[in-house]
Amino acid sequence: MNINKEVEEKLKKVNLLISDVDGVLTDGSIYIGAGNVELKKFSVEDGAGVALAKVAGLKIAFLSGRYSPATDIRAKELKIEDVYNGMLNKIPAYEELKQKYNLEDSEIAYIGDGLIDLPVMEKSGAPLSVRNAYLPVKKAAVYVTDKNGGSGALREAVDLILKAKGVYEEAIKRLTKKVIETSSG
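Below, the structure is given as structure tokens:
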């Protein structure tokens with residue numbers, strides 16, 4: 000997780016991380032069974048990353064181009080307030096989040112993997128991609144995760160941002176304390 004000073008400066012400003020879903024929170028696979036039951040595999044590591052982001056005050060939003068009930072279920076589990084599910088044009092949702100939280104583009108990171116992510120990546124102050132992203136998406140990113148989508152890439156992005164902001168160690172302590180208090184209460 001080595002970054003240069005220019006990327007670190009961009010990440011220090013980030014107060015909102017917007018994540019694509021299919022290909023970032025999942026490996027991009029969609030399992031469809033009898034009765035049109037749809038299944039997706041999400042990484043527990045990304046859930047831990049969301050929890051870490053929350054204790055550090057970093058806002059997280061999900062922005063998916065494809066509608067999926069599984070995305071809504073996962074977002075609810077993680078208590079993600081801002082979920083945009085089924086938006087091929089991601090710019091309106093990006094602008095809505097920017098206005099809702101009164102942010103500048105420089106305060107928003109976006110992590111994606113596909114072509115429909117490029118317009119939002121171009122607007123955000125810290126465009127990120129997963130290791131197995133489409134090549135033009137990787138080229139547009141200031142950082143490409145070591146992890147593939149669906150394998151903890153969001154967690155890696157959260158760690159990266161919190162380290163750049165200098166709050167990673169404190170966030171780990173706060174999350175650990177919160178877990179201990181919750182389990183012993």
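Position one of the sequence shown corresponds to residue 0 (numbering that gives the first Met the number 0), numbered consecutively onward. Ideal Cβ placement from N, Cα and C applies to all residues, glycine included.
Local conformation of residue i per DSSP, three classes
| i | result |
| --- | --- |
| residue 80 | coil |
| residue 15 | strand |
| residue 111 | strand |
| residue 177 | helix |
| residue 63 | strand |
| residue 99 | helix |
| residue 87 | coil |
| residue 134 | helix |
| residue 127 | strand |
| residue 72 | helix |
| residue 58 | strand |
| residue 38 | strand |
| residue 171 | helix |
| residue 43 | helix |
Counted within 10 angstroms of its Cβ, other Cβ atoms place residue i as buried (16 or more) or exposed
| i | result |
| --- | --- |
| residue 131 | buried |
| residue 123 | buried |
Integer-rounded CB distance, given that residue j should sit under 8 angstroms from residue i
| i | j | result |
| --- | --- | --- |
| residue 15 | residue 53 | That pair is no contact at about 12 angstroms. |
| residue 97 | residue 107 | 6 angstroms |
| residue 66 | residue 84 | 5 angstroms |
| residue 165 | residue 40 | So it is not a contact: roughly 33 angstroms between Cβ atoms. |
CA nearest to the CA of residue i, picked from the options
| i | options | result |
| --- | --- | --- |
| residue 75 | 49, 111, 167, 94 | 49 |
| residue 7 | 37, 175, 157 | 157 |
| residue 112 | 21, 2, 161 | 21 |
| residue 104 | 171, 116, 126, 114 | 126 |
| residue 4 | 55, 159, 40 | 159 |
Contained beta strand (DSSP E) runs [length at least 3] in the segment 145-169, N- to C-terminal order: none
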